[in-house]
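Going by my numbering, the residue at position 114 of the sequence shown is 115; the numbering climbs one at a time, nothing skipped.
Working notes for the structure below.
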Amino acid sequence: MSNETLTVPPTAPGTGDVPRLRIQGVGRDFHTRAGVTHAVAGVDLEIQRGEFVAVIGRSGCGKTTLLRMIGGLLPPTAGTIEVDGNNLWRGESVEPSAVTKLGFVFQEANLFPWLSVLDNIALPMKLRGVAQTARRARASELAALVGLTGFEKSYPRELSGGMRQRAAIARALSTEPELLLMDEPFGALDALTRERMNLELQRIVLETKSTVVFVTHDIPEAVFLADRVVHMTPRPGRIRQILPVTTPKPRGVDLQTTPEFNDIVRQLRADIDEED
Ligand SMILES: Nc1ncnc2c1ncn2[C@@H]1O[C@H](COP(=O)(O)OP(=O)(O)OP(=O)(O)O)[C@@H](O)[C@H]1O
Ligand SMILES: [Mg+2]
Numbered sequence: 002m003s004n005e006t007l008t009v010p011p012t013a014p015g016t017g018d019v020p021r022l023r024i025q026g027v028g029r030d031f032h033t034r035a036g037v038t039h040a041v042a043g044v045d046l047e048i049q050r051g052e053f054v055a056v057i058g059r060s061g062c063g064k065t066t067l068l069r070m071i072g073g074l075l076p077p078t079a080g081t082i083e084v085d086g087n088n089l090w091r092g093e094s095v096e097p098s099a100v101t102k103l104g105f106v107f108q109e110a111n112l113f114p115w116l117s118v119l120d121n122i123a124l125p126m127k128l129r130g131v132a133q134t135a136r137r138a139r140a141s142e143l144a145a146l147v148g149l150t151g152f153e154k155s156y157p158r159e160l161s162g163g164m165r166q167r168a169a170i171a172r173a174l175s176t177e178p179e180l181l182l183m184d185e186p187f188g189a190l191d192a193l194t195r196e197r198m199n200l201e202l203q204r205i206v207l208e209t210k211s212t213v214v215f216v217t218h219d220i221p222e223a224v225f226l227a228d229r230v231v232h233m234t235p236r237p238g239r240i241r242q243i244l245p246v247t248t249p250k251p252r253g254v255d256l257q258t259t260p261e262f263n264d265i266v267r268q269l270r271a272d273i274d275e276e277d
C-alpha cells in the first residue's frame with residue numbers, strides 16, 4: 002500500500018482538533034484622507050475550545066480592530082478567520098451561521114434604557130424568535146448567573162456601572178455563544194468593582210465553558226483571567242509575543258500576591274516599555 006497516508010480521514014469541522022478560532026495572516030488597512038493606516042498586519046492565532054485569551058497592548062495597536070474582524074463587524078483586508086473550521090468572511094460579507102456563535106461585550110454596556118434588565122437580557126432571544134415563556138425563564142436564569150436576581154424589573158439607569166456590565170454579559174450569553182468577544186468590558190469601573198467582576202467573569206466562563214477573547218489595557222487583569230496573554234504592538238498592529246499563564250483555575254485574588262503572578266506581570270510591563 003504505497004499511498005496509505007491518503008486514506009487518513011480529514012478532521013470533521015467542529016470536532017476533534019479544529020480550533021474554535023483560527024486566524025491566519027489577518028490584516029486590516031484603513032484608507033483615509035491622511036493616507037493608509039496598517040491597523041492590523043500578519044496576525045496568526047489559534048484559540049482552542051474553552052480557552053481564555055487576553056489581548057493587551059498600547060492604545061492604537063489594533064486590539065479593537067482585530068476583535069471587530071473576529072466579531073463579524075469589520076471585514077479583514079488580508080488573511081482568513083475560521084470559526085470551528087468554517088470561514089467567517091466571504092469577501093466583505095460575513096457568514097451568518099458563524100456569527101450566531103459569537104457574543105459581544107463592549108466597553109460600555111449599551112443596554113436599551115427603555116427595556117428592563119430582564120427584557121434587555123432576553124432581547125437577542127426575542128430577535129431569534131424564542132417564545133416569550135422560554136426566553137423569560139432563560140433570562141431569569143442568566144440574571145441569577147450574573148448575580149442580578151431581584152433586579153430583573155429594574156431599568157438600566159437604576160443600576161450601578163458594574164451591574165449594567167453584568168447585565169450586558171448576561172445578554173451576550175443569552176444566545177449561548179461559543180465564542181465570547183469582550184472589548185475592555187470593565188474599563189469604566191472602579192478598581193474594587195473591577196476585581197469583583199473579574200472573579201464573576203471567571204466563574205461564569207468556567208460554568209458555561211465559553212471560549213473568550215478579552216481585550217484590556219490592564220496587565221494584571223489579563224494575567225489573572227487568561228490562559229494565554231497576547232501582546233500586540235502598533236503600526237502595524239502585530240502580535241509581538243504570546244505568554245502562557247498556567248496557574249490552575251479557578252484563581253483567587255490571592256494569586257495577585259504570588260511571585261509567579263508578579264513575574265509574568267513584570268515581564269509583560271518590561272516588554273511594553275521596551276517598545277519605546
Ligand atoms: N474606522 C477607522 N478608520 C480609520 N482608521 C481607523 C479606524 N479604526 C481604527 N483605525 C486606526 O487603526 C489603528 C488601531 O485602532 P484600534 O481602535 O484597533 O486600536 P486599539 O488597540 O483598540 O486602541 P485602544 O487601546 O485605544 O482602544 C489606530 O491607528 C486607529 O487610528
Ligand atoms: Mg480599542
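Note that CB positions come from ideal geometry on N, CA and C, so glycine has one too.
A quick note: this is a predicted structure, and the numbers were derived from the prediction, not measured.
Rounded separation between residue i and residue j - CA only
{"i": "residue 273", "j": "residue 136", "result": "45 Å"}
{"i": "residue 291", "j": "residue 119", "result": "Lying outside 2 to 277, the shown extent of the chain, residue 291 is not represented and no answer is given."}
{"i": "residue 56", "j": "residue 183", "result": "10 Å"}
{"i": "residue 175", "j": "residue 112", "result": "14 Å"}
{"i": "residue 161", "j": "residue 109", "result": "12 Å"}
{"i": "residue 60", "j": "residue 73", "result": "22 Å"}
{"i": "residue 81", "j": "residue 141", "result": "38 Å"}
{"i": "residue 124", "j": "residue 271", "result": "44 Å"}
{"i": "residue 156", "j": "residue 189", "result": "19 Å"}
{"i": "residue 195", "j": "residue 165", "result": "13 Å"}
{"i": "residue 127", "j": "residue 158", "result": "22 Å"}
{"i": "residue 115", "j": "residue 154", "result": "11 Å"}
{"i": "residue 163", "j": "residue 151", "result": "15 Å"}
{"i": "residue 260", "j": "residue 70", "result": "36 Å"}
{"i": "residue 133", "j": "residue 181", "result": "25 Å"}
{"i": "residue 258", "j": "residue 32", "result": "45 Å"}
Close beta carbons around residue i, own chain, < 7 Å, minus the five adjacent residues each side
{"i": "residue 250", "result": "203, 207"}
{"i": "residue 23", "result": "47, 83"}
{"i": "residue 8", "result": "Residue confidence is low: residue 8 scores 43 on pLDDT, short of 50, so the model does not pin down where it sits. Its coordinate-derived value is still stated next. If we look at residue 8 and ignore the five residues flanking it on each side, it has no Cβ neighbours."}
{"i": "residue 122", "result": "140, 143, 144, 168, 171, 172, 175"}
{"i": "residue 117", "result": "153, 154, 155, 156"}
{"i": "residue 62", "result": "233, 234, 235, 238"}
{"i": "residue 1", "result": "Outside the shown range of the chain, which is 2 to 277, sits residue 1, and nothing can be said about it."}
{"i": "residue 49", "result": "20, 21"}
Own chain residues within Cβ distance below 8 Å of residue i, not counting five before or after
{"i": "residue 199", "result": "187, 222, 225, 226"}
{"i": "residue 256", "result": "225, 248, 262"}
{"i": "residue 167", "result": "147, 148, 149, 198, 201"}
{"i": "residue 269", "result": "57, 220, 223, 224, 230, 232, 244"}
{"i": "residue 92", "result": "76"}
{"i": "residue 218", "result": "57, 60, 185, 188"}
{"i": "residue 129", "result": "176"}
{"i": "residue 5", "result": "At residue 5 the pLDDT is 42, less than 50, meaning the model places this residue with poor confidence; the figure from the coordinates comes in the next sentence. Taken in chain order, the list of residues that qualify is empty."}
{"i": "residue 34", "result": "none"}
{"i": "residue 3", "result": "Residue confidence is low: residue 3 scores 44 on pLDDT, short of 50, so the model does not pin down where it sits. Its coordinate-derived value is still stated next. Taken in chain order, the list of residues that qualify is empty."}
Any non-hydrogen atom of ligand 2 closer than 7 Å to residue i Cβ
{"i": "residue 219", "result": "no"}
{"i": "residue 65", "result": "yes"}
{"i": "residue 274", "result": "no"}
{"i": "residue 45", "result": "no"}
C-beta atoms of residue i and residue j nearer than 8 Å
{"i": "residue 239", "j": "residue 26", "result": "no"}
{"i": "residue 205", "j": "residue 147", "result": "yes"}
{"i": "residue 216", "j": "residue 64", "result": "yes"}
{"i": "residue 68", "j": "residue 254", "result": "no"}
{"i": "residue 185", "j": "residue 212", "result": "no"}
{"i": "residue 77", "j": "residue 29", "result": "yes"}
{"i": "residue 169", "j": "residue 106", "result": "yes"}
{"i": "residue 228", "j": "residue 54", "result": "yes"}
{"i": "residue 87", "j": "residue 99", "result": "yes"}
{"i": "residue 210", "j": "residue 51", "result": "yes"}
{"i": "residue 234", "j": "residue 177", "result": "no"}
Sequence-distant residues of the same chain with beta carbon closer than 6 Å to residue i, five excluded per side
{"i": "residue 237", "result": "39, 42"}
{"i": "residue 66", "result": "29, 40, 41"}
{"i": "residue 94", "result": "none"}
{"i": "residue 283", "result": "Because residue 283 is not part of the residues shown, which for the chain are 2 to 277, the question remains open."}
{"i": "residue 192", "result": "none"}
Residue i: CB within 7 Å of a non-hydrogen atom of ligand 1
{"i": "residue 212", "result": "no"}
{"i": "residue 40", "result": "yes"}
{"i": "residue 209", "result": "no"}
{"i": "residue 31", "result": "yes"}
{"i": "residue 58", "result": "yes"}
{"i": "residue 36", "result": "no"}
{"i": "residue 28", "result": "no"}
{"i": "residue 61", "result": "yes"}
{"i": "residue 238", "result": "yes"}
What runs of the alpha helix (DSSP H), each 4 residues or longer, lie entirely inside the segment 133-204? 133-146, 162-174
Can you list, in chain order, the stretches of the beta strand (DSSP E) that have 3 or more residues and sit fully within the segment 61-141? 79-84, 103-106
Taking the runs of the beta strand (DSSP E) that are 3 residues or longer, which of them lie wholly in the segment 202-241? 212-216, 229-234
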